[in-house]
Amino acid sequence: MQPGIQASLVLEDGTVFPGRAVGAPGVAAGEACFSTASAGYEQAVTDPSYARQVLAFAYPLIGNYGVDERLLESDRVWTEGVVMRRSRPAWAAWLAARGIVALEEIDTRALVRRLRDDGAMRCALGTATPEELHARALAQPHLDWPRMQAEPELASSPPAFEACTAEPYR
Numbered sequence: 065m066q067p068g069i070q071a072s073l074v075l076e077d078g079t080v081f082p083g084r085a086v087g088a089p090g091v092a093a094g095e096a097c098f099s100t101a102s103a104g105y106e107q108a109v110t111d112p113s114y115a116r117q118v119l120a121f122a123y124p125l126i127g128n129y130g131v132d133e134r135l136l137e138s139d140r141v142w143t144e145g146v147v148m149r150r151s152r153p154a155w156a157a158w159l160a161a162r163g164i165v166a167l168e169e170i171d172t173r174a175l176v177r178r179l180r181d182d183g184a185m186r187c188a189l190g191t192a193t194p195e196e197l198h199a200r201a202l203a204q205p206h207l208d209w210p211r212m213q214a215e216p217e218l219a220s221s222p223p224a225f226e227a228c229t230a231e232p233y234r
């Protein structure tokens, strides 16, 4: 994404968090989740347990110590998108180079409170209109928990299967 472009994060209930695009162009969608850690951001986004999730960092400045490729949890970024209050340019460029949609200038405190109080929600982020993002957030049957209970075939490929290695490590 071109720095300075207005963008939004939209939760499945229609709540809009305005921000600014800093990552790759496009729209990303997944389950909104958060991390309150002040360090380890490069480990978090490369952790397979974050597959199909949009990760919001509660700490106000992400990317302040750069990216150490030796500390990555895997050989790729697993998060669908990243949301921050502020990011350092090198960190945003690292995400963009890996095709990750990322936003800054998001009120991450309000977002974290919302997720803490109301529970997990689907979301979408990017430079599309809030209405388009809301529709995209809702169009994720693999994250629609009531629908998954009613239609078990939707749960046949949980994120853990995507993140597993083909062969065990020895």
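Residue numbers for the sequence shown follow the working numbering, so the first one is 65 and each next one is one higher.
Glycine included, C-beta positions come from ideal geometry on N, C-alpha and C.
From a predicted model like this one, the values you see are computed outputs, not experimental measurements.
- Report yes if the CB atom of Val147 is closer than 8 Å to the CB atom of Leu125, and no otherwise. Within the sequence shown, residue 147 is the residue found at index 83, counting from 1. Within the sequence shown, residue 125 is the residue found at index 61, counting from 1. No. Outside cutoff.
- Message: Rounding to the nearest angstrom, what Cα-Cα distance links Ser220 and Ala92 in this structure?
- Response: Here residue 220 corresponds to residue number 156 of the sequence shown, with the count starting at 1. Here residue 92 corresponds to residue number 28 of the sequence shown, with the count starting at 1. Residue placement at Ser220 is flagged as unreliable, the pLDDT there being 47, under the threshold of 50; a coordinate-derived value is accordingly withheld.
- Message: On the DSSP bridge list, what partners appear for Pro82?
- Response: As a first step, residue 82 is located in the sequence shown; it is residue number 18 there, counting from the start. Paired residue(s): Ser72.
- Query: Taking the runs of the alpha helix (DSSP H) that are 4 residues or longer, which of them lie wholly in the segment 81-120?
  - Reply: 105-109
- Message: Taking the alpha-carbon of Asp132 as reference, which of Phe98, Tyr105 and Ala166 has the nearest alpha-carbon?
- Response: On the sequence shown, residue 132 is found 68 positions in, with the first residue counted as 1. Ranking the options by Cα distance to Asp132, first place goes to Tyr105.
- Query: What residues in its chain sit with their C-beta under 6 Å from that of Arg134, if we drop five residues either side in the sequence?
  - Reply: To locate residue 134, count along the sequence shown from 1; it is residue 70. Here the set comprises nothing.
- Item | Member of Gly190, Val109, Gly78 and Glu196 whose CA lies at the smallest distance from the CA of Leu159 | The sequence position of residue 159 within the sequence shown is 95, counting from 1. Among Gly190, Val109, Gly78 and Glu196, the Cα nearest to that of Leu159 is on Val109.
- Item | Span of the beta strand (DSSP E) around Glu168 | Taking the first residue of the sequence shown as position 1, residue 168 is located at position 104. Element bounds for Glu168: Val165 to Glu168.
- Is it the case that the Cβ atoms of Gly83 and Ala71 are separated by a distance below 8 Å? Translated into positions along the sequence shown, residue 83 becomes position 19. Translated into positions along the sequence shown, residue 71 becomes position 7. Yes, the Cβ-Cβ distance between Gly83 and Ala71 is below 8 Å.
- Pull up the distance between the alpha-carbon of Thr193 and that of Gln107, whole angstroms please. Stepping through the sequence shown from its first residue, residue 193 is reached at position 129. Stepping through the sequence shown from its first residue, residue 107 is reached at position 43. Whole-angstrom Cα-Cα distance: 31 Å.
- Message: For Asp171 and Phe98, which I take to be in contact (beta-carbon distance under 8 Å), what is that distance rounded to the nearest angstrom?
- Response: Position 107 of the sequence shown, counted from the first residue, corresponds to residue 171. Position 34 of the sequence shown, counted from the first residue, corresponds to residue 98. Contact doesn't hold; Cβ gap of about 12 Å is too wide.
- Query: Can you tell which of Gly183, Gly190 and Arg180 has its C-alpha closest to the C-alpha of Glu168?
  - Reply: Here residue 168 corresponds to residue number 104 of the sequence shown, with the count starting at 1. Checking every option, the nearest Cα to that of Glu168 belongs to Gly190.
- Using a Cβ-Cβ cut-off of 7 Å (strictly less than) and excluding sequence neighbours within five positions of Gly130, which residues of its own chain qualify? Here residue 130 is taken as the residue at index 66 of the sequence shown, counted from 1. The residues are Ala154.
- Helix, strand or coil at Ala122 [DSSP, three-state]: Your numbering for residue 122 matches position 58 in the sequence shown. DSSP places Ala122 in coil when its eight states are reduced to three.
- Query: Under the three-state reduction of DSSP, which class applies to Val146: helix, strand or coil?
  - Reply: Here residue 146 refers to the residue found at position 82 of the sequence shown. Three-state DSSP puts Val146 in a strand.
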